[in-house]
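Numbering (the working numbering), first residue to last: 226 to 335.
Built from N, CA and C at the ideal position, the CB exists for glycine as well.
As the structure is a computational prediction, the values presented were derived from the model and not from experiment.
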């Protein structure tokens with residue numbers, strides 16, 4: 226179930242609706258941790274010259290996962306878990322693009 230949750234959660238992000246219930250600090254931390262681990266797996270680092278370092282990837286993923294986790298409501302998390310929010314939801318893709326753009330400076334080569 227957690228694997229399904231992670232897959233859907235990463236791609237099934239949607240815009241928060243008015244009056245939505247905020248995540249508790251514990252829920253936020255758990256969600257941010259899941260998103261962080263998924264980001265690190267999908268963002269390759271290299272020890273080569275002019276390529277991303279592991280430190281850059283860690284900083285980028287910390288920023289992006291925090292950005293995303295801060296935009297979830299309890300209802301959205303439950304929607305992903307129950308399959309009501311599909312992983313190909315275009316609003317979720319936009320939210321992921323926004324997080325990536327907000328944190329892109331961490332992946333720039335010095």
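*Go ahead and pull the three-state DSSP assignment for residue 249.*
Stepping through the chain shown from its first residue, residue 249 is reached at position 24. Residue 249 falls in the coil class under three-state DSSP.
*Where does residue 232 fall in DSSP's three states?*
Residue 232 sits at position 7 when you count from the first residue of the chain shown. Note that residue 232 has pLDDT 41, beneath the 50 cutoff, so the model's placement of it is unreliable and no number is given.
*Among 284, 300 and 269, which one has its Cα closest to the Cα of residue 249?*
Your numbering for residue 249 matches position 24 in the chain shown. The shortest Cα separation from residue 249 among 284, 300 and 269 belongs to 300.
*Residue nearest to residue 329 in terms of C-alpha spacing, selected from 254, 277, 317 and 257*: For the purposes of this step, residue 329 is identified with residue 104 of the chain shown, where counting begins at 1. Comparing Cα-Cα distances from residue 329 to each of 254, 277, 317 and 257, the minimum goes to 277.
*List the endpoints of the continuous alpha helix (DSSP H) containing residue 309.*
In the chain shown, residue 309 corresponds to position 84, counting from 1. From DSSP, residue 309 is part of no alpha helix (DSSP H); its letter is neither H nor E.
*Rounded to a whole number of angstroms, what is the C-alpha to C-alpha distance between residue 256 and residue 332?*
In the chain shown, the residue the question calls residue 256 occupies position 31. In the chain shown, the residue the question calls residue 332 occupies position 107. Straight-line spacing of the CA atoms in residue 256 and residue 332 works out to 23 Å.
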